[in-house]
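Report on one structure; see the data block that follows.
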Amino acid sequence: MKTIVKLMGIALAIGVCTTAMTGCERKEGPAEKAGKAIDQGLDKAGQKIENAGESVQNAADGSK
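For the sequence shown, my numbering begins at 183 and goes up steadily by one.
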């Protein structure tokens, strides 16, 4: 009888842990998706600005 109670306790503990781990799963909401889109847009804009700066620098070096 004691072993059955122990097994039931262990099964309950495993069930609680499994439920807790599943409940903590992180899902992206609309704000997080929008934030990622903004970050990607800013990264692309930064790359374009950097390329433009390099082009200006190259043009300035070529005119000397």
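A virtual CB, placed ideally from N, CA and C, is assigned to each residue, including glycine. Only a predicted model underlies this, so the values are computations on that prediction, with no experimental measurement involved.
Alpha-carbon spacing of residue i relative to residue j, whole angstroms
| i | j | result |
| --- | --- | --- |
| Q229 | Q239 | 15 Å |
| M190 | D225 | 54 Å |
| L194 | A213 | 36 Å |
| R203 | G211 | Correcting the residue type first, residue 203 is Met in the shown sequence and not Arg. Their Cα atoms are separated by approximately 19 Å. |
| A241 | G223 | 27 Å |
Own chain, CB closer than 6 Å to residue i, minus 5 neighbours either side, in chain order
| i | result |
| --- | --- |
| I196 | none |
Beta-carbon contacts of residue i that lie in its chain and below 7 Å, excluding the five residues immediately before and after
| i | result |
| --- | --- |
| T185 | none |
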